[in-house]
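Using our numbering, read the sequence shown as starting at 21 and increasing by one per residue. Built from N, CA and C at the ideal position, the CB exists for glycine as well. Since we're looking at a predicted model, the values are computed, not measured. See below for the structure under consideration.
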Amino acid sequence: MLRLITGILLIFTLLVSCEPAPDTSKGAVLAKIYGTYLYESDLAGVVPTGTSTNDSMMLVKNFIDKWLEKRMLIRQAERNLTPGQTDFSKKMEDYRNSLIIYTYETELISQKLDTIVDESEIERYYNENKTNFELKYNIVKVVYVILPTDSKAVNQFRKLLKNRTVLNIDSLNTLAQRHAIAYYLDEENWIKFDDLLLQIPLVAYNQEVFLNNNRFVEFVDEPFVYLVLFRDFMMRESISPLEFEHDHIMNIILNKRKQDLIKQMHADVYEQALRNKDFELY
Numbered sequence: 021m022l023r024l025i026t027g028i029l030l031i032f033t034l035l036v037s038c039e040p041a042p043d044t045s046k047g048a049v050l051a052k053i054y055g056t057y058l059y060e061s062d063l064a065g066v067v068p069t070g071t072s073t074n075d076s077m078m079l080v081k082n083f084i085d086k087w088l089e090k091r092m093l094i095r096q097a098e099r100n101l102t103p104g105q106t107d108f109s110k111k112m113e114d115y116r117n118s119l120i121i122y123t124y125e126t127e128l129i130s131q132k133l134d135t136i137v138d139e140s141e142i143e144r145y146y147n148e149n150k151t152n153f154e155l156k157y158n159i160v161k162v163v164y165v166i167l168p169t170d171s172k173a174v175n176q177f178r179k180l181l182k183n184r185t186v187l188n189i190d191s192l193n194t195l196a197q198r199h200a201i202a203y204y205l206d207e208e209n210w211i212k213f214d215d216l217l218l219q220i221p222l223v224a225y226n227q228e229v230f231l232n233n234n235r236f237v238e239f240v241d242e243p244f245v246y247l248v249l250f251r252d253f254m255m256r257e258s259i260s261p262l263e264f265e266h267d268h269i270m271n272i273i274l275n276k277r278k279q280d281l282i283k284q285m286h287a288d289v290y291e292q293a294l295r296n297k298d299f300e301l302y
């Protein structure tokens, strides 16, 4: 009987001794599960500076609870999945390789990409690909001001905006800075009509009919009065103007340069390896 008890104690001692001891260099042990330890040093960044004692305790408790739960779930999953299902070595290797290549390509682009795009190149691309720039929405060139309904400057704005010979933007800007609640005076810039409707509560159930029949619009929607001048408009399904597509085309050209740069780098790497006889095909 004594021998049996001694044997059991020996086996228990061996099992316990197989469990890794905590790493004291990482600070105090906060929790342990399945032979894995959570150390005080693992809490770095969990509690922001200036957090109250009660909130700090809550944050630490939540962190420990989630740490334990995660390891419980991992253990449960490992018990119920086949070795093949839990072997992610190839996926991890593929992911690592993809990250390395992507990082190198990004660094190459930052060092060698020519980011200067001439206006002539943008215009040439536009002219060669006009059919690709069909408008999907109505766009307008517009000027507007929003004033309090009791503003004494309404007549001045009205006269300036309804002047059919010349639009004095400088005078409008000076006046708007003094009297307007909000204003938009970039008369050469195309914007979506839908975006304008987010700023101005126009009633335009049929946008095409509205734009064809209104150049200057003035209306009151308490507590504001709105004065809107349409300088130009283009309908959906027509060819979008170059000014509206300018930045989009610039991005297209730059992306094409990036693709060409990466493609050339891939070809150069292959050619160099071929010259150096770095690989063999069987």
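* Sorted by chain position, which residues of the same chain lie with C-beta nearer than 7 Å to Glu208's C-beta, five sequence neighbours on each side aside? -> Excluding sequence neighbours, Glu208 sits near Lys161.
* **Three-state class that DSSP yields for Leu92 in the structure shown** => For the record, residue 92 in the displayed sequence is Met; it is not Leu. Shown here, Met92 sits in a helix according to DSSP, grouped into three states.
* Starting from the N-terminal side, write out each stretch of the alpha helix (DSSP H) that is 4 residues or longer and does not extend beyond the stretch 201-279. => With a minimum length of 4 residues, the continuous alpha helix (DSSP H) runs that stay inside the stretch 201-279 are 213-219 and 227-233.
* Identify, in the order they occur along the chain, each residue of the same chain with its Cβ nearer than 6 Å to the Cβ of Leu22, setting aside the five sequence neighbours on each side. => Only weak support exists for where Leu22 lies, its pLDDT of 43 falling under 50; the coordinates are left without a value.
* Can you give me the start and stop residues for the alpha helix (DSSP H) that Ile129 sits inside? => Start and end: Ser109 to Lys132.
* Asked: What are the start and end residues of the alpha helix (DSSP H) that includes Thr56?
  -> First-last for Thr56: Thr56 to Tyr59, but that is the beta strand (DSSP E), not the alpha helix (DSSP H).
* Any idea which residues DSSP pairs Glu139 with across the strands? -> Checking the DSSP bridge columns, you'll see Glu139 has no partner listed.
* Assign Phe253 to buried or exposed, taking buried as 16 or more other Cβ atoms, counted over all protein chains shown, within 10 Å of its Cβ. => Buried is the call here.
* How big is the Cα-Cα spacing for Lys46 and Glu60? -> The alpha-carbon atoms of Lys46 and Glu60 are separated by roughly 7 Å.
* **Lys129 and Lys278 closer than 8 Å at C-beta** => It should be noted that the sequence gives Ile, not Lys, for residue 129. Against a cut-off of 8 Å, the Cβ pair of Lys278 and Ile129 comes out as a contact.
* When Arg95, Pro103, Asn74 and Leu249 are compared against Asn232, the one with the closest alpha-carbon -> Answer by Cα proximity: Leu249.
* **Cross-strand partners of Tyr164 (DSSP beta bridge)** => Beta-bridge annotation (DSSP): Tyr164 is paired with Tyr204 and Val248.
* What is the rounded straight-line gap between the Cα of Ile220 and the Cα of Tyr246? -> So the two alpha carbons sit approximately 8 Å from each other.
* Rounded separation between Tyr124 and Asp190 - CA only -> Rounded to the nearest whole angstrom, the CA to CA distance from Tyr124 to Asp190 is 50 Å.
* **Glu154 and Glu265 closer than 8 Å at C-beta** => No.
* **Alpha-carbon to alpha-carbon, Leu88 and Gly65** => Separation of Gly65 and Leu88 (C-alpha to C-alpha, rounded to the nearest whole angstrom) is 18 Å.
* To do: Can you give me the Cβ contacts of Tyr302 inside the same chain, cut-off strictly under 7 Å, excluding the 5 residues immediately before and after it?
  => Non-local C-beta neighbours of Tyr302 in its own chain, meaning closer than 7 Å and more than five positions away in sequence, are absent.
* If we ignore side chains and look at the alpha-carbon of each, how far apart do Glu291 and Leu50 end up? -> Near 56 Å, if we compare the C-alpha coordinates of Leu50 and Glu291.
* Where does Val80 sit, in a helix, a strand or coil, going by DSSP? -> If DSSP states are grouped into helix, strand and coil, Val80 belongs with the helices.
* When the Cα of Ile84 is compared with those of Asn74, Leu58 and Thr73, which residue comes out closest? -> When only C-alpha atoms are compared, the closest one is Leu58.
* **Residues that DSSP places opposite Ala51 in a beta bridge** => Ala51 is bridged to Leu58.
* To do: Compute the distance between the beta-carbons of Tyr146 and Phe213, then report whether it is under 8 Å.
  => Taking a C-beta distance under 8 Å as the contact criterion, Tyr146 and Phe213 do not qualify as a contact pair.
* To do: Could you pull out every unbroken alpha helix (DSSP H) segment of at least 4 residues lying fully inside the stretch 172-197, listed in chain order?
  => Along the stretch 172-197, the alpha helix (DSSP H) occurs as fully enclosed runs of 4 or more residues at 174-181, listed in sequence order.
* By Cβ distance below 6 Å, which residues in the same chain neighbour Lys182 in space, the five residues on each side in sequence not counted? -> Only Phe236 meet the Cβ criterion.
* To do: Measure the CB-CB distance between Leu274 and Thr151 and report whether it falls below 8 Å.
  => No, Cβ-Cβ distance for Leu274 and Thr151 is not below 8 Å.
* Which residue from Lys90, Lys297, Ala200 and Ser76 puts its Cα closest to that of Pro243? -> Ranked by Cα distance from Pro243, the first of Lys90, Lys297, Ala200 and Ser76 is Ala200.
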